[in-house]
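Undergrad: Per mature numbering (1 follows the signal peptide of the UniProt record, and there is no 0): the sequence shown = residues -17 to -1, 1 to 634. Backbone N, C-alpha and C define an ideal beta-carbon position, used for all residues, glycine too. If you scroll down you'll find the structure; I have some questions about it.
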Amino acid sequence: MKMLILLFLLSPSILTAAEPQRLSDYRRVVIPDEALAVQKAAAEELSNYVGQITQQSIAIVSWSEFDPAEEGLTFFVGESVAEDVLEVELTPWKLEEWLLKTVPQGVVIAGDDRLGNPWSNVTAAGSMLATYTLLDDHLGVHWFWPGEFGEHVPINSELTLPEFDIRKKPTFEIRSVGLGYPSTYHTKTYNDAARRWSRRNRLGWVRSAVFGHSWYDAFDFRTDESFEQHPEWFALVGGKRRPPQMCTTNPEVIDHMVEYVLNGKQQIMNISPSDGGGFCQCERCKALDVPGIMSYDGKTVQLSDRIFTYANEVARRVREQNPDKGCGMFAYTYYNRPPVNIEKLEPNLYLSFVYQSAGHRDPENLNEWRDKVDSWKKLGAKMVVREGWGNHYYHDMHLLHQNQIISNLAEAHEKGFVAAYGEGSKNFSAMAPNYWALTRMMWDPARDQTNLMDEFYESAYGPVAEEMQAFFETYSDALDENWHLRDRHIDASGIAYANVIAAWDRLIPPETVDAAEEHLKAAEANVPPGEYADRVRFHRHGQDYTRVMLELLTLYREVAILGLKMDFFSTVKKERRDDPAALEMLLKRANELGERREELLLSHRDWAGPDEGLYAFTNDRGLRRWHTRVKDALGIDKPTALTKELLNAEK
């Protein structure tokens, strides 16, 4: 009987809805009797958010329980339900493909759905992608950052749905941003919220792929066995064989890497060299280098020809044995420019292009990026964005570059990039505009950019949108104006840590922080109680952290000049002065602010605020322990509360 009623309601003559459907007329979500977890999650999200928008209950019913004669419209979710309603076979699906289609009885939602955790970005969930496209793009539900007050749900029972007839797959086959340093340092509340934020913003890493440094795992550097048995596999440096680099012209190294890729679990396996320097100086390797062509530091011969001769050979031999297996390579440091003597890259070689669009404020850096990309493209490279949108260089401050993100991802798409991933930060309290721009452009890099950021400010901050836009743009405008004032200890147009670590008070001077403060105070004064006030309070946390951090970094530079050994600062600042009284005064202020920094890091750990995990990670690894150095100089015996062990004890 159900099928007869549906056949009548969905007969070809009336298959297309005649007029927009009222959202308030929807009464239920129908799912398959044996629904997958991702289909159940899509139904729950629809029921929850459409219910909030219309202020009414939206039931979830199985296909066998569904009565098509019941009053009201229906969301039909999942492949089997969709095929019954549409009377067409929808398979096969492309990877992450999704469908939204209007029918007289409602909307059909389906896609490439597979077994797995619906909140994991590695699980194919086409029905969820379609659901969030409906909720976000058409109903105004937004998720600005992880956590409760990062969510905006408009209440509007008068909303109507346009007519849908969409079947497509994501433009970028990987869309991913890391939200802070090791998640094992963060609270369960934050980690759960971060996973949901990623899914709701349609991020995904369904095709299993790794691109990074490979030799540690491939040659098992955890033990000395490989080196003891095959020292000739390792780089010859200063007349001696040593890790962490390998001799890329040794045939047995090539053999080993081919087997590593073929036996690897990922569809695209990493074959990139180890990080850092120490590359092989044997005659065979050096013979592949092109004399006179220097790498990014202006001192070292470019290694692209030797490295991509190795990568091409590995990829070629892998493809001969398994045409579906890919090889992932960084274009990075000493091999970030195209090789000279290689005409084509193998079609299964994916090039992870390491850069930071924040550096594109410098026209020289932007032009270098374009030139390199165009040159790589001529070699047939399958290019992948590997960004540093919010990495540790920025110290969780207001390094806002939403305009550069928008422009770069649009241009990357135009130039043929097939995926985008990179490092981010936990700290949305400072960098929320970056992540709005990032998620929007990763999902749809060809979108109209005209009102992209206006939509963020208006939906996130409502009655104080103008004040909050001015607050954030004060920082981004200052960075635009002051970017040329960074140091040039390393002759590189991009963002080098050594060039920014001692220059932050020039890039974001105190007057910029003060001007931003006035806009934030205006927002605090004008915002009504509720969700908008919660968001302004959230950004107060980020503002207070940036103010503390900027002064601290200046103090660390100055005490290094006054003779106290400080990681990085003592290296980049060669100037020295002897003034014990001034040193003691600055150390006391640095200790005061260092304690305040730790208080801020610990105060709202469940929030998407400054990353306590990154700070604890550096403490555990003995890196950048500036506050400990200050306390030692003052004779203060007070251990930090920010270590992995202590943070996990709080959970």
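1) Using beta-carbon positions only, say whether PHE336 and ARG369 come within less than 8 Å of one another.
2) What residue does the beta strand (DSSP E) around PHE217 start on, and which one ends it?
3) Let me make sure I understand the geometry here. Which of LYS361, THR283 and ALA599 has the alpha-carbon closest to that of PRO321?
4) Below 8 Å on the Cβ atoms is my guess for PHE147 versus THR74; work out the distance and round it to an integer in Å.
5) Report the option in SER408, LEU78 and TYR338 whose CA atom is closest to the CA atom of LEU162.
6) Identify whether HIS125 lies in helix, strand or coil by the three-state DSSP scheme.
7) Kindly indicate which three-state DSSP category PHE336 falls into: helix, strand or coil?
8) Tell whether a beta-carbon distance below 8 Å holds between VAL44 and LEU29.
9) Assign ILE389 to buried or exposed, taking buried as 16 or more other Cβ atoms, counted over all protein chains shown, within 10 Å of its Cβ.
10) Just list the residues that DSSP pairs PHE59 with in beta bridges.
11) Look up VAL441 in the DSSP assignment and say whether it is helix, strand or coil.
12) Per DSSP, what are the beta-bridge partners of GLU208 in this structure?
13) Going straight from the alpha carbon of MET111 to that of LYS308, what length do you get?
14) Return the CA-CA distance between LEU547 and GLU514, expressed in angstroms with no decimal places.
15) Closest by CA to LEU597, which one among GLY373, ILE14, LEU421 and ALA24?
16) Is it buried or exposed, GLN88, if we count other Cβ atoms within 10 angstroms and call 16 or more buried?
17) Quick check on DSSP: helix, strand or coil for GLN4?
18) Just list the residues that DSSP pairs THR85 with in beta bridges.
19) Since GLU347 and SER476 should fall inside the 8 Å C-beta cutoff, what is the C-beta to C-beta distance between them, to a whole number of angstroms?
20) Confirm, please, whether the CB-CB distance from TYR333 to HIS194 is below 8 Å.
21) Report the rounded CA-to-CA distance for ASN391 versus GLN22, giving the unit in angstroms.
22) Does the Cβ of PRO(-6) have 16 or more other Cβ atoms within 10 Å, making it buried, or fewer, making it exposed?
23) Going by beta carbon distance, what residues of the same chain come within less than 7 Å of PHE600, once the five residues before and after it are set aside?
24) Suppose you measure from the CA of CYS230 to the CA of LEU219; what does that come to, to the nearest Å?
25) Residue ranges of each alpha helix (DSSP H) run of no fewer than 4 residues wholly in the stretch 176 to 202, ordered along the chain?
26) Is GLY78 helix, strand or coil when you go by DSSP?
27) Quick check: the Cα distance between ASN386 and GLU351, rounded to an integer number of angstroms?
28) If you follow the alpha helix (DSSP H) that GLU351 is part of, which residue opens it and which one closes it?
29) Is the distance from the Cβ of SER257 to the Cβ of TRP198 below 8 Å?
30) For the stretch 510 to 542, which segments carrying the beta strand (DSSP E) assignment without a break, of at least 3 residues, lie completely within its bounds, in sequence order?
31) Beta-carbon separation of SER575 and LEU584 under 8 Å?
32) In its own chain, which residues sit with a C-beta less than 8 Å from the C-beta of LYS248, not counting the 5 before and 5 after it?
33) Give the range of the alpha helix (DSSP H) segment to which ARG579 is assigned.
34) List the endpoints of the continuous alpha helix (DSSP H) containing ARG600.
35) Tell me whether THR143 sits in a helix, a strand or coil according to DSSP, three-state version.
36) Can you say whether ALA108 is buried or exposed, counting buried as having 16 or more other CB atoms within 10 angstroms of its CB?
TA: Taking the definition as stated:
1) Taking the first residue of the sequence shown as position 1, residue 336 is located at position 353. Taking the first residue of the sequence shown as position 1, residue 369 is located at position 386. Contact: yes.
2) In the sequence shown, residue 217 corresponds to position 234, counting from 1. Here the beta strand (DSSP E) through PHE217 covers 217 to 220.
3) Start at 1 with the first residue of the sequence shown, and residue 321 comes out as number 338. Considering only LYS361, THR283 and ALA599, the residue with the shortest C-alpha distance to PRO321 is LYS361.
4) Looking up residue 147 in the sequence shown gives position 164. Looking up residue 74 in the sequence shown gives position 91. With a Cβ gap of about 20 Å, PHE147 and THR74 do not count as contacting.
5) Stepping through the sequence shown from its first residue, residue 162 is reached at position 179. For the residues SER408, LEU78 and TYR338, the minimum Cα distance to LEU162 belongs to SER408.
6) In the sequence shown, residue 125 corresponds to position 142, counting from 1. Three-state DSSP puts HIS125 in a strand.
7) Taking the first residue of the sequence shown as 1, we reach residue 336 at position 353. It is a strand residue.
8) Mapped onto the sequence shown, residue 44 falls at position 61. Mapped onto the sequence shown, residue 29 falls at position 46. No, Cβ-Cβ distance for VAL44 and LEU29 is not below 8 Å.
9) As a working mapping, residue 389 is identified with position 406 in the sequence shown. A residue is called buried once 16 or more other Cβ atoms fall within 10 Å of its Cβ, and ILE389 is buried on that count.
10) Taking the sequence shown and counting its residues from 1, one reaches residue 59 at position 76. Looking at the DSSP output, PHE59 shares a beta bridge with VAL13 and VAL91.
11) Here the question's residue 441 lines up with position 458 in the sequence shown. According to the sequence displayed, residue 441 carries Glu and not Val. Note: GLU441 maps to helix in three-state DSSP.
12) Within the sequence shown, numbered from 1, the residue matching residue 208 stands at position 225. Per DSSP, none; premise fails for GLU208.
13) By 1-based counting over the sequence shown, the position of residue 111 is 128. By 1-based counting over the sequence shown, the position of residue 308 is 325. One alpha carbon belongs to MET111, the other to LYS308, and they sit about 28 Å apart.
14) On the sequence shown, residue 547 is found 564 positions in, with the first residue counted as 1. On the sequence shown, residue 514 is found 531 positions in, with the first residue counted as 1. C-alpha separation (whole angstroms): 46 Å.
15) Position 614 of the sequence shown, counted from the first residue, corresponds to residue 597. Taking the Cα of LEU597 as reference, the smallest distance to any Cα among GLY373, ILE14, LEU421 and ALA24 is reached at GLY373.
16) Here residue 88 refers to the residue found at position 105 of the sequence shown. Its Cβ being crowded by 16 or more others within 10 Å, GLN88 is buried.
17) One-based indexing of the sequence shown puts residue 4 at position 21. In this structure, GLN4 counts as strand in the three-state DSSP scheme.
18) Reading the sequence shown from its first residue, position 102 is the one you call residue 85. As a beta-bridge residue in DSSP terms, THR85 pairs with VAL90.
19) The sequence position of residue 347 within the sequence shown is 364, counting from 1. The sequence position of residue 476 within the sequence shown is 493, counting from 1. Right, the Cβ-Cβ distance comes to about 4 Å (below 8 Å), so this counts as a contact.
20) On the sequence shown, residue 194 is found 211 positions in, with the first residue counted as 1. On the sequence shown, residue 333 is found 350 positions in, with the first residue counted as 1. It is worth fixing the name first, because residue 194 is Phe in this sequence and not His. Yes, the Cβ-Cβ distance between PHE194 and TYR333 is below 8 Å.
21) Indexing the sequence shown from 1 puts residue 391 at position 408. Indexing the sequence shown from 1 puts residue 22 at position 39. Spanning the two alpha carbons is a distance of roughly 34 Å.
22) Locating residue -6 in the sequence shown gives position 12, counting from the first residue. Low confidence applies here, because PRO(-6) scores a pLDDT of 41, under 50, leaving its location unreliable; read the following figure in that light. So PRO(-6) ends up on the exposed side.
23) By 1-based counting over the sequence shown, the position of residue 600 is 617. Answer for PHE600: TYR164, PRO165 and TYR168, listed in chain order.
24) For the purposes of this step, residue 230 is taken as residue 247 along the sequence shown, with counting starting at 1. For the purposes of this step, residue 219 is taken as residue 236 along the sequence shown, with counting starting at 1. Distance between the alpha carbons of CYS230 and LEU219: 7 Å.
25) The stretch 176 to 202 contains, as complete alpha helix (DSSP H) runs of 4+ residues, the segments 198 to 201 (chain order).
26) Start at 1 with the first residue of the sequence shown, and residue 78 comes out as number 95. A small correction: the amino acid at residue 78 is Leu; Gly does not occupy that position in the sequence shown. Note: LEU78 maps to coil in three-state DSSP.
27) Along the sequence shown, read from residue 1 onward, the residue named residue 386 stands at position 403. Along the sequence shown, read from residue 1 onward, the residue named residue 351 stands at position 368. If you take the alpha carbons of ASN386 and GLU351, they lie about 18 Å apart.
28) Start at 1 with the first residue of the sequence shown, and residue 351 comes out as number 368. Taken as a continuous stretch (DSSP letters only), the alpha helix (DSSP H) holding GLU351 covers 346 to 361.
29) Numbered from its first residue, the sequence shown carries residue 257 at position 274. Numbered from its first residue, the sequence shown carries residue 198 at position 215. Taking 8 Å as the Cβ cut-off, SER257 and TRP198 qualify as a contacting pair.
30) Within the stretch 510 to 542, no complete beta strand (DSSP E) run reaches 3 residues.
31) In the sequence shown, residue 575 corresponds to position 592, counting from 1. In the sequence shown, residue 584 corresponds to position 601, counting from 1. Residue identity differs from the one stated: residue 575 is Glu in this sequence, not Ser. A distance of 8 Å or more separates the beta carbons of GLU575 and LEU584.
32) Here residue 248 refers to the residue found at position 265 of the sequence shown. Hits under 8 Å: SER191.
33) If you number the sequence shown from 1, residue 579 lands on position 596. Per DSSP, ARG579 belongs to the alpha helix (DSSP H) from 563 to 586.
34) Position 617 of the sequence shown, counting from 1, holds the residue named residue 600. Checking the displayed sequence, the identity of residue 600 turns out to be Phe instead of Arg. 595 to 604 is the extent of the alpha helix (DSSP H) around PHE600.
35) Position 160 of the sequence shown holds residue 143. Strand, per DSSP.
36) Counting from one through the sequence shown, the residue named residue 108 turns up at place 125. Per the 10 Å Cβ criterion, buried.
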